[in-house]
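Anchor point for the sequence shown: position 13 equals 41 in this note's numbering, and the numbering is continuous, going up by one each time.
For every residue, glycine included, the Cβ atom is placed at its ideal position computed from N, Cα and C.
Remarks on the structure that follows.
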Amino acid sequence: MVYDFNVDEIFEIAEQIERNGTRFYRQNAENVSSSPIQQLFLDLAAMEEEHEKLFISMRADLSDREKEPTVFDPEGESVLYLRALADLRVFDEKAGDSFVIPEGISKEEKARKILRAAIGLEKEAIVFYLGMKEFVPEKLGKDKIENIIKEEMKHIRFLNDSLHSLKK
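Take a look at the structure:
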């Protein structure tokens, strides 16, 4: 059985992914001792919070048609399925534990490792959204998923720029 999803469900998951990303960056801000690097992670957490607000706003602007359920789902299992997919790959609650930073490395190298991991997680988010686009019909807001992807791509550019600035 193939499920179609509506864009409202995708935005709900996008909001959760952003909350998980905020938690990831805040955790890492607590784990670095360098003020500039700590501030970078706090700035990244703030960016995730802004993305969440943006997605909440975009979701509020959806038409009733774009929020229309695609299947009879009184228990909300389709959203639980999406959430499980996202949590398996994208800024899950344990994303900060998913990579190991060796002891005894410099604070700059530690920050670079965290940034590389963050870039990987953001790429996973884009792959998730690209995959989900295939399950959202045009009439249920498929085009709006592209807006989510564009926001995530902006974040990757910022992370990449931050990584390059640490290499100098």
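- Residue 133 sits exposed, since fewer than 16 C-beta atoms from the chains shown fall within 10 Å of its C-beta.
- Of the other Cβ atoms in all chains shown, 16 or more fall within 10 Å of the Cβ of residue 44; this residue is therefore buried.
- For residue 140 against residue 72, the beta-carbon gap comes to about 14 Å, at or over 8 Å, which does not count as contact.
- For residue 192, the closest alpha carbon among the candidates 159, 93, 136 and 172 is that of 136.
- Secondary structure of residue 72 (DSSP, three-state): helix.
- Using a 10 angstroms sphere on the CB of residue 152, the tally of other CB atoms reaches 16 or more, which defines it as buried.
- Counting along the chain, the unbroken alpha helix (DSSP H) around residue 56 starts and ends at 35-58.
- Leaving aside the five residues that flank residue 83 on each side, the residues in its chain whose CB is nearer than 6 Å to its CB run, in chain order, 39, 42 and 43.
- Under the criterion of beta carbons closer than 8 Å, residue 168 and residue 96 qualify as touching, at roughly 7 Å.
- In terms of CA proximity to residue 147, 180 leads the group 163, 70, 180 and 55.
- Taking residue 36 as the centre and dropping the five residues before and after it, the same chain places the C-beta of 87, 90, 94 and 95 closer than 7 Å to its C-beta, in chain order.
- Around residue 46, the same chain offers 76, 79, 80 and 83 as residues with beta carbons nearer than 7 Å, after the five sequence neighbours per side are excluded.
- Taking C-alpha positions only, residue 57 is separated from residue 187 by approximately 15 Å.
- Here residue 165 carries a coil assignment [DSSP, helix/strand/coil].
- Here residue 108 is exposed, its C-beta having fewer than 16 other C-beta atoms within 10 Å.
- Between the C-alpha atoms of residue 184 and residue 92 there is a straight-line separation of about 32 Å.
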